[in-house]
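Numbering (the numbering used here), first residue to last: 1 to 226.
Comments concern the structure below.
Listed below in structure tokens is the structure:
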């Protein structure tokens, strides 16, 4: 088995997670919980993207940081290309309800790319520094730091009016609504989405410790250099 074929499951998993997330982040959740409007708080992408950190951490644990970084780069390039090409394909086949303008797709892909690379490489670095400590410390702290950075970069570039030069704005995202749908403070929806997204990421990070532990326990944990 060649080196690339061994890494291919990680690359494919990474690309799948990011492509799905780039599509789903364009769909606010619909519905009400009491007085809380879910559309003011979350997009569906919040539930898929956190698993990219699980893929990175498992690759890091299995093959070391150098291979984990290569998987991040290959997965990133595949995901960005697919993020531009897949949504129009899904629209033409009636699988999503609206067509996203090409320049809007480019902005989403750019935001995703910038956030993904910076956050995933930061996760690899933090994970590698803590890999000799308690089994849970490296994945949870790496994911925590990476998730915070990823959320800040992605939502700011994708939705903030300050980055309109990167592509057209999303008018719904820029409308004001109660912060996170429940507070009396008014804020643009994308700010609430970012906070809701980060909250979900942190919850899933804890849940993802279960498959991480099950898979990592089956692998040896050699001392691997950068």
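Quick reminder that beta carbons are idealized off the backbone N, C-alpha and C, glycines included.
Would you decide whether residue i is buried or exposed? Buried here means 16 or more other CB atoms lie within 10 Å of its CB.
i: residue 39; result: buried
i: residue 183; result: exposed
i: residue 165; result: exposed
i: residue 69; result: buried
i: residue 222; result: Bear in mind that the predicted position of residue 222 carries a pLDDT of just 47, short of 50, making it unreliable; the figure below should be weighed with that in mind. It is exposed - the Cβ of residue 222 has fewer than 16 other Cβ atoms within 10 Å.
i: residue 33; result: exposed
i: residue 225; result: Confidence in residue 225 is poor, its pLDDT being 41 and thus under 50, which makes the residue's placement too unreliable to answer from.
i: residue 213; result: exposed
Please work out which residues of its chain come closer than 7 Å, Cβ to Cβ, to residue i, disregarding the five sequence neighbours upstream and downstream, and give them in chain order.
i: residue 127; result: 57, 60, 138, 139 and 142
i: residue 196; result: 41, 42, 46 and 180
i: residue 30; result: 38 and 39
Excluding five sequence neighbours on each side, which residues of the same chain lie with their C-beta closer than 6 Å to the C-beta of residue i?
i: residue 25; result: 43 and 45
i: residue 158; result: 108 and 111
Quick one: what does DSSP say residue i is sitting in, helix, strand or coil?
i: residue 120; result: helix
i: residue 43; result: strand
i: residue 22; result: helix
i: residue 218; result: coil
i: residue 128; result: helix
i: residue 224; result: Bear in mind that the predicted position of residue 224 carries a pLDDT of just 45, short of 50, making it unreliable; the figure below should be weighed with that in mind. Coil, per DSSP.
What residues match up with residue i in a beta bridge as DSSP calls it?
i: residue 37; result: 32
i: residue 186; result: 178
Legend entry - Ordered list of alpha helix (DSSP H) runs contained in the segment 135 to 159, each at least 4 residues: You should have 137 to 159.
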